[in-house]
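This note's numbering puts the sequence shown at residues 78 to 331. Backbone N, C-alpha and C define an ideal beta-carbon position, used for all residues, glycine too. Just so we're clear, the structure is a prediction, and the values are computed from it rather than from any experiment.
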Amino acid sequence: MLVSLQTGWLLLVLLVAVRLGVVFYMTRIFAFAPIPEPVKIIFVLALAVVLLQAGQFSAPLVEAQPEVVLVGLAAEAVLGLILAFGVQTALGAYLWGGRILDTQMGFGVANLIDPATQTQAPMIGMLLSLAGLAVFFALDVHHLLLKGLFVSFEVVPPGQWLSGFSVPDVTLALSAMFALGLVMVAPAVVVLLLIDLVVAFASRTMPQLNAFFLVLPIKILVGLVVLAVSLNYFGSIHEKIFKSIFYNWLRLLR
78 MLVSLQTGWL LLVLLVAVRL GVVFYMTRIF AFAPIPEPVK IIFVLALAVV
128 LLQAGQFSAP LVEAQPEVVL VGLAAEAVLG LILAFGVQTA LGAYLWGGRI
178 LDTQMGFGVA NLIDPATQTQ APMIGMLLSL AGLAVFFALD VHHLLLKGLF
228 VSFEVVPPGQ WLSGFSVPDV TLALSAMFAL GLVMVAPAVV VLLLIDLVVA
278 FASRTMPQLN AFFLVLPIKI LVGLVVLAVS LNYFGSIHEK IFKSIFYNWL
328 RLLR
């Protein structure tokens with residue numbers, strides 16, 4: 078009997094760890110520093126044990142067939158992907174806003190290596206994303222994220238499938254990402270568009286003027302200055318981005 082209880086508890090830890098692991102591995106939460114893979118695995122398993130001790134989750138049947146356990150693991154992986162999508166669409170607003178600003182400033186061909194995915198990412202977007210992660214931890218939003226993950230196990234117990242999934246909710250989450258990203262860099266984008274308009278008129282009146290090489294350094298300087306000045310007003314933007322994580326979860330898990 079003791080062996081059965083231990084086996085059931087280990088299965089429950091595994092189910093919880095799969096959901097947590099997918100959420101953390103598929104999002105940018107671990108992007109602030111290069112963390113070794115064994116440390117990530119230990120962290121996820123330890124967090125799964127802590128959540129199990131804090132909650133009253135029902136253990137799966139020990140006598141269940143292996144295919145039943147595999148179905149439960151698949152359900153946790155899918156649910157983890159849904160939760161990760163809610164986080165990624167919110168934090169993706171930083172990358173999207175940076176991509177818009179990179180294109181306007183002429184940095185469209187300049188990329189940095191994203192530490193989260195080891196792929197190329199827009200330069201300004203990468204800087205904004207890392208700054209957003211710093212604010213994420215500075216404001217203790219990660220504590221709210223852990224609480225939200227705990228609530229997700231109460232809404233959908235470990236090993237069970239999500240009862241419903243709405244495609245319009247996915248569209249709404251993506252539209253919020255695009256809107257927040259655009260609002261974040263809107264002042265700099267408007268100023269750069271005005272500069273392009275002035276240069277367009279100047280090019281028509283003086284065709285011999287090489288407008289591209291003349292205006293490119295000006296656009297970079299003005300764009301960075303306007304972005305630096307607008308950072309003082311990013312407080313409400315950060316709040317809306319972080320709140321959208323939990324709004325997405327409420328919509329996707331309802």
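Fill in: Own chain, CB closer than 7 Å to alanine 161, minus 5 neighbours either side, in chain order
Shown here for alanine 161: same chain residues with a beta carbon closer than 7 Å to its own, the five before and five after excluded, namely Val99, Val100, Met103, Thr104 in chain order.
Worksheet item: Where are the alpha helix (DSSP H) runs, 4 residues long or more, that stay fully inside the region 102-177, in chain order?
Response: Entirely contained in the region 102-177, the alpha helix (DSSP H) runs reaching 4 residues are, in chain order, 114-131.
Worksheet item: alpha helix (DSSP H) containing aspartate 246: first to last residue?
Response: The continuous alpha helix (DSSP H) containing aspartate 246 extends over residues 244-261.
Item to complete: Please name the residue, chosen from Lys296, Phe227, Tyr310, that lies closest to leucine 124 on a Cα-to-Cα basis.
Response: When only C-alpha atoms are compared, the closest one is Phe227.
Item to complete: Could you check if aspartate 246 is buried or exposed, using at least 16 other CB atoms within 10 Å of its CB as the buried criterion?
Response: Buried: at least 16 other Cβ atoms inside 10 Å.
Worksheet item: glycine 183 and isoleucine 297 look like a contact to me (Cβ under 8 Å); what is the Cβ gap, rounded to whole Å?
Response: That pair is a contact at about 7 Å.
Practice prompt. Pull up the distance between the alpha-carbon of leucine 79 and that of tryptophan 86, whole angstroms please.
Written response: Because leucine 79 carries a pLDDT of 38, less than 50, the predicted location of this residue cannot be relied on, and the following value inherits that uncertainty. For leucine 79 and tryptophan 86, the distance between alpha carbons rounds to 11 Å.
Discussion item. Using C-beta distances below 7 Å, list every residue in its chain close to valine 345, excluding the 5 sequence neighbours before and after it, in chain order.
Written reply: Because the chain is modelled from 78 through 331, residue 345 falls outside the range shown and cannot be assessed.
Worksheet item: In chain order, what residues of the same chain lie with their CB nearer than 7 Å to the CB of glycine 169, ignoring the 5 residues before and after it?
Response: Taking glycine 169 as the centre and dropping the five residues before and after it, the same chain places the C-beta of Met254 closer than 7 Å to its C-beta, in chain order.
Practice prompt. Could you spell out where the alpha helix (DSSP H) holding tryptophan 326 opens and where it closes?
Written response: Run containing tryptophan 326: 312-330, per the alpha helix (DSSP H) assignment.
Practice prompt. Can you grab the Cα-Cα spacing for the pair proline 199 / alanine 208, in whole Å?
Written response: So the two alpha carbons sit approximately 14 Å from each other.
Worksheet item: Which residues mark the beginning and the end of the alpha helix (DSSP H) in which serine 206 is found?
Response: From DSSP, the alpha helix (DSSP H) with serine 206 extends over 200-215.
Worksheet item: Is it buried or exposed for tyrosine 332, if we count other Cβ within 10 angstroms and need 16 for buried?
Response: The displayed coordinates of the chain run from 78 to 331. Any statement about residue 332 would go beyond what the structure contains.
Discussion item. Let me confirm a value: glycine 175 is counted as buried when at least 16 other C-beta atoms fall within 10 Å, else exposed. Which label applies?
Written reply: Buried: at least 16 other Cβ atoms inside 10 Å.
Practice prompt. Taking valine 233 and leucine 330 to be in contact with their CB atoms under 8 Å, please state how far apart those CB atoms are, rounded to whole angstroms.
Written response: Confirmed, about 7 Å.
Worksheet item: Closest by CA to leucine 353, which one among Leu257, Gly258, Val292?
Response: Residue 353 is absent from the model: the chain starts at 78 and stops at 331.
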